[in-house]
Amino acid sequence: MRRAILSLAAMGLGLAGMSVPAPALAQQSAVLPADPQDFQCFVLLQQRRAAFMTNQQMPIEQRAQFVDNLTIISAFYAGRISHYSSAEAVPQFRSATAEIASATPEQRDAFANVCANFYVSVMNVLTTTGEQAATQQQ
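Going by mature numbering (1 follows the signal peptide of the UniProt record, and there is no 0), the letters in the sequence shown line up with residues -26 to -1, 1 to 112, in that order.
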């Protein structure tokens, strides 16, 4: 069930089946803007979420699915950045916003794939770990 949800999340973003470099490799090859990646992922996914919310060309059911998936993945990144103090977070958020704004559409697309695939990989690890723990308890 969890894997189906994760696959739906990736498909809902239009990211299924895409070959995406690992974050460190992507950064070295200029696919990703500079650190901090979590802030950049949050900014980019929130921008995409806002764009889907106002897209009147897309059927409402499909648009809702995209928005839901982007909301879930954005919340994941919000959790990852929530430990920063305001004094630390504000400049990083501004920097991330500037980096995303200066990226080309191709870089933003590649980075969105990296963000989504990182989320999916973390969820897969958690799912696998949970399944292993349940199997060991039986």
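Note that the Cβ used here is the ideal one computed from N, Cα and C, for glycine as well.
Cα separation between P(-4) and I47?
In this prediction, P(-4) scores a pLDDT of 46, lower than 50, which makes its location untrustworthy; the coordinate-derived value is nonetheless stated afterwards. Roughly 16 Å between the two C-alpha positions.
Would you tell me roughly how many angstroms separate the C-alpha atoms of E73 and F13, rounded to the nearest one?
Using only the alpha carbons, I get a separation of about 10 Å.
Three or more C-beta pairs under 8 Å: does that hold for the segment 52 to 67 against the segment 81 to 88?
Taking a contact to require three or more Cβ pairs closer than 8 Å, the segment 52 to 67 and the segment 81 to 88 do not qualify as touching.
Per DSSP, what kind of secondary structure is P33 in: helix, strand or coil?
Coil at P33, not helix or strand.
Straight-line Cα distance separating Q110 from A25
Across the structure, A25 and Q110 are spaced so that their CA atoms are roughly 45 Å apart.
Three-state secondary structure (DSSP) at A77?
DSSP, reduced to helix, strand and coil, places A77 outside both helices and strands of the structure shown, so it counts as coil.
Alpha-carbon to alpha-carbon, M97 and I34
One Cα belongs to I34, the other to M97, and the distance between them is close to 27 Å.
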